[in-house]
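Residue numbers (our numbering): 5 to 340. Backbone N, C-alpha and C fix where the C-beta goes; we use that ideal spot for every residue, glycine too. What follows is a set of notes on a single structure, which appears directly below.
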């Protein structure tokens, strides 16, 4: 009987693809909001002197995207991907922040519908990434290939202990694949090493991760995240309506904030309901979507009417995403 598997292609999917795409988008959105906040606080300075020159921030954005691309082309193994996700996201954020100049005849940086364009592009990346993974889960061969990818760093003496543990867990989900046993043996034989970053930076990063891990496992984490997400959605709506009553706003900005707060509120409430019916993991997955909706929709459109509130919302969303992702990571590591 002929196999129904799709024909082989040159690309093997990464188990961390959605994680890296989310990091990319979060870095891009954060860059857009912080860039506009800093420009507003400094009075939108012209960088380039008085010789008729202006160095737009799309240029350093392009350079950062180039660095992210070169990291992927020049180095083997999965090690460069987290760094490339952040640098590429920051570079893309600086690039797309100036989209108003690219779509208007008068190079209008303050073109308000630009927020809708930014949202459409960035939200599309997240939705496409999740749909791409859910359409067909990773099979056993792809899990084995991912573990072999980590072994590349081990053979070069560049494999941290936590990444080896992730590769071993990946092999544990590969079933009875013939190569799984041999790869497991090789991974256990290669020595682990400290990550290639300064010790104090690594220690600080692990300290933050450990704190999120401890907080996310507390009994109060789930209801607190749900209440904060719902409260933030309600507060953003009230601020928008108050600003709208005092001055004119573009309809697309108002519609964007109302859409974002509505989706975020519904997902937050759904998570609180699912906590009893389907368990903690289902609730946290709903909270994750709620926080992403707030970050990718609400804060981008809210920036048009209230830069301060949008920046504060950014900080809250990132903190809540850290708690939620830490809790979900702990569930993934737990034995079934």
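Residue environment for residue 114: exposed (fewer than 16 other C-beta atoms within 10 angstroms of its C-beta). Only buried fits residue 261, as 16 or more other CB atoms lie within 10 angstroms of its CB. Between the C-alpha atoms of residue 237 and residue 269 there is a straight-line separation of about 6 Å. In terms of Cβ geometry, residue 93 and residue 31 form a close pair [threshold 8 Å].
In the three-state DSSP reduction, residue 123 falls in the helix class (H, G or I). In this structure residue 257 is in contact with residue 308, their Cβ atoms being roughly 4 Å apart against a cut-off of 8 Å.
Three or more Cβ pairs closer than 8 Å define a contact, and the stretch 153-162 falls short of that threshold against the stretch 116-132.
With the rule of 3 Cβ pairs closer than 8 Å, the stretch 102-120 does not count as touching the stretch 73-82.
Contact check between the stretch 223-243 and the stretch 191-199: fewer than three CB pairs, one atom from each, fall below 8 Å, which does not count as touching.
Scanning its chain for C-beta atoms nearer than 7 Å, with the 5 sequence neighbours on each side dropped, one finds around residue 146 the residues 16, 17, in chain order. Relative to residue 81, the option among 211, 219, 20, 173 whose CA is nearest is 20. For residue 306, the closest of 23, 149, 246, 24 by C-alpha to C-alpha distance is 246. In the structure shown, residue 58 falls within a coil segment according to DSSP collapsed to helix, strand and coil.
According to the DSSP assignment, residue 28 belongs to the alpha helix (DSSP H) that extends over 21-45. Taking 8 Å as the cut-off, the Cβ atoms of residue 157 and residue 83 count as close. With a cutoff of 8 Å on beta-carbon distance, residue 304 and residue 174 are scored as not near each other. A straight line joining the alpha-carbon of residue 282 with that of residue 140 spans about 23 Å. Spanning the alpha carbons of residue 234 and residue 213 requires a straight line of approximately 25 Å. For residue 159, the uninterrupted alpha helix (DSSP H) run begins and ends at 144-159, by DSSP.
The beta carbon of residue 178 lies closer than 6 Å to those of 144, 147, 148, 184 in the same chain, with the five residues before and after it left out. For residue 193, the enclosing alpha helix (DSSP H) starts and ends at 182-193. Ranked by Cα distance from residue 37, the first of 335, 327, 301 is 301. Distance from the CA atom of residue 85 to the CA atom of residue 152, rounded to whole angstroms, is 16 Å. Burial check for residue 26: the Cβ neighbour count within 10 Å reaches 16 or more, so the residue is buried.
For the set 289, 182, 172, 198, the Cα lying nearest the Cα of residue 188 is the one of 172. With at least 16 other beta carbons inside 10 angstroms of its own, residue 24 counts as buried.
For residue 126, same chain residues with a beta-carbon under 7 Å away, outside a window of 5 residues either side, are 29, 32, 33, 300 in chain order. Annotation: the continuous alpha helix (DSSP H) that includes residue 92 extends over 84-100. Apart from the 5 residues on each side of it in sequence, residue 112 sits with its Cβ closer than 6 Å to the Cβ of 104 in its chain, given in chain order. In the structure shown, the three-state DSSP call for residue 301 is helix. Between the alpha carbons of residue 323 and residue 298 lies a gap of roughly 12 Å.
The Cβ neighbour count for residue 222, taken over all protein chains shown within 10 Å, is under 16; the residue is labelled exposed.
When C-alpha distances from residue 243 are compared across 220, 313, 279, the shortest belongs to 313. CA-to-CA, the gap between residue 266 and residue 272 works out to about 10 Å.
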